[in-house]
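2 protein chains.
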Amino acid sequence: MPSAAVSSPNLVLASSSPRRIELVKNLGLKFEILPSDLDEIVNPALTPGEVVADLAQSKAARVQELIQERGGATAQGHHVILAADTIVVFEGDILGKPTDRDHAIAMLTRLVGNIHEVYTGVHVISVNQKEVIAHHEIEVAKVEFRQLSASEIANYVDSKEPMDKAGSYALQGIGAFMINKIEGSPSNIIGLPLVRTINLLRQCGVQIMGE
Amino acid sequence: MPSAAVSSPNLVLASSSPRRIELVKNLGLKFEILPSDLDEIVNPALTPGEVVADLAQSKAARVQELIQERGGATAQGHHVILAADTIVVFEGDILGKPTDRDHAIAMLTRLVGNIHEVYTGVHVISVNQKEVIAHHEIEVAKVEFRQLSASEIANYVDSKEPMDKAGSYALQGIGAFMINKIEGSPSNIIGLPLVRTINLLRQCGVQIMGE
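As they're listed, the protein sequences go chains X and D.
The numbers in the numbering used here rise by one with no breaks, and the one at position 83 of the first sequence is 83.
The numbers in the numbering used here rise by one with no breaks, and the one at position 174 of the second sequence is 174.
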């Protein structure tokens, strides 16, 4: 833990997700938003945990490259990059973001009346002039949807909420109308498991909520 | 279920809670907000489930009185009143809203590092010129807080978020930073278990999300 005399490093969030931005803001942190420009390609040979660990690591590494390329104050001083990746897993299949309306309807039609898992990988890189240190964690939660009619699914998809979200739903938005039960961390399902994230950031010297 | 020719009744939400208002808005419903003016007095002889059932019922009944007193269109036509009450239970004690800063700190100091339960009672009254029908449900969820330092608790309380909330925290706000895990419905913990609420409202003829 840093002494009071040590200032908190610059935090860089490697994500443009409004949900992740909101979660990090709620921690009272100042940070820069610098999304990676990576395509999220899933390697089918990996387990779900390996997929999110791999993608979160790749996003963090790519943002560190972007920071090096642009130079400037962040590239020189102590900074910490926070990246995450979230997927939905059902019957062994990895469900990412839907490609279109029909894809979202097909995904939700599989998930309703059933329990699925949500995996999030979190990867942090702490960079200063002496060293580069990385830490990562994986978290899993279970989500149970109630049964939905075809018209309920179609109406939900037509709200557009599902379109940019892994598994085609948002826990904290309109999607709450179909969630019977979860087992795990709500912030994990939203896209950034906060308790683990706080631990990782503190290991990198980021000061949060008075410690 | 009503036929397409039957119009949806007027919905009245017997709560001024911004969280409940947001949850009902997300269902795509139009509704009037008419809080009851009841003091939430807990009868210590009741079980937690009985307490929330009793308070939700009292709120709904009081709002029906208010509607009758003012007369007008809602009092004449078919209307449905939706009321809810949420409490936190830990080691057999019922924790309601904190009375001041010290009370909030004392509540959170008990809850951190432990698992507590959240009870919500939902009560609906359907009123038309032929009949008055009431339905109610109770739901329970478990919440596990991580361990927090005294300064983390004090900083969280100083954010003011805990001050108007049962158990002195919000699941969906800054409070997410201390939640390890939940088991149950997130909307229950926020103050209105949506799946049960949708079932109750539909029993009263309220049309939701295309049924």
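No residue lacks a Cβ here, since even glycine has one placed at the ideal position from N, Cα and C.
Three-way DSSP call (helix, strand, coil) for residue i in this model
i	result
Tyr-119 (chain X)	strand
Ala-5 (chain X)	For Ala-5 (chain X), the predicted model reports a pLDDT of 46, less than 50, meaning its position is unreliable; a value from the coordinates is still stated below. In the structure shown, Ala-5 (chain X) sits in coil (DSSP, three-state: anything other than H, G, I, E or B).
Phe-177 (chain D)	helix
Val-89 (chain D)	strand
Ser-159 (chain X)	coil
Ile-182 (chain D)	strand
His-103 (chain D)	helix
Asn-43 (chain X)	coil
Ser-126 (chain D)	strand
Val-112 (chain D)	coil
Val-12 (chain X)	strand
Leu-66 (chain D)	helix
Val-80 (chain D)	strand
Rounded separation between residue i and residue j - CA only
i	j	result
Val-118 (chain X)	Ile-87 (chain X)	6 Å
Ser-222 (chain X)	Met-178 (chain X)	In the structure as shown, chain X begins at 1 and stops at 211. Residue 222 (chain X) is therefore absent and cannot be evaluated.
Val-24 (chain X)	Ile-133 (chain D)	45 Å
Ile-21 (chain D)	Ala-73 (chain D)	22 Å
Ala-176 (chain X)	Ala-150 (chain D)	33 Å
Leu-201 (chain X)	Val-195 (chain X)	10 Å
Gly-173 (chain D)	Val-143 (chain D)	15 Å
Asp-54 (chain X)	Pro-44 (chain D)	53 Å
His-116 (chain X)	Gly-184 (chain D)	15 Å
His-78 (chain D)	Thr-197 (chain D)	18 Å
Val-80 (chain X)	Gly-121 (chain D)	44 Å
Ser-8 (chain D)	Gln-203 (chain D)	12 Å
Pro-186 (chain D)	Ile-189 (chain X)	11 Å
Asn-199 (chain D)	Leu-38 (chain X)	43 Å
Minimum Cβ-Cβ distance from residue i to chain D less than 9 Å
i	result
Tyr-119 (chain X)	no
Ser-214 (chain X)	Nothing about residue 214 (chain X) can be reported from this structure: the residues present for chain X run from 1 to 211 only.
Ala-5 (chain X)	Residue placement at Ala-5 (chain X) is poorly supported in this model, since its pLDDT is 46, which falls under 50; the coordinates still yield a value, given next. By this cut-off, Ala-5 (chain X) is not an interface position.
Glu-152 (chain X)	yes
Ile-208 (chain X)	yes
Arg-146 (chain X)	yes
Gly-205 (chain X)	no
Gly-71 (chain X)	no
Ile-174 (chain X)	yes
Ser-215 (chain X)	No statement about residue 215 (chain X) is possible, as the shown extent of chain X runs from 1 to 211 and does not include it.
Chain X within 9 Å of residue i, Cβ atoms only
i	result
Tyr-169 (chain D)	no
Asn-155 (chain D)	yes
Asn-26 (chain D)	yes
Min CB distance residue i to chain B below 9 Å
i	result
Ile-125 (chain D)	This model lacks chain B altogether; the protein chains it does include are X and D.
Any C-beta of chain D within less than 7 Å: which residues of the stretch 176-202 of chain X qualify?
Ala-176, Phe-177, Ile-179, Asn-180, Lys-181, Ile-182, Glu-183, Gly-184, Ser-185, Pro-186, Ser-187, Leu-194, Val-195, Ile-198
Taking contact to mean at least 3 C-beta pairs separated by less than 8 Å, is the stretch 28-41 of chain X in contact with the stretch 7-23 of chain D?
no
Between the stretch 94-112 of chain D and the stretch 161-172 of chain D, can you find at least three pairs of beta-carbon atoms closer than 8 Å?
yes
Determine which residues of the stretch 37-62 of chain D have a Cβ less than 7 Å from any Cβ of chain X, and write them out in chain order.
none
Closer than 7 Å between beta carbons: that is the criterion. Which residues of the stretch 88-116 of chain D meet it against chain X?
none
Given 8 Å, three or more beta-carbon pairs between the stretch 40-55 of chain X and the stretch 135-144 of chain X:
yes
Closer than 9 Å, Cβ to Cβ, to anything on chain D: give me those residues from the stretch 76-88 of chain X, in chain order.
none
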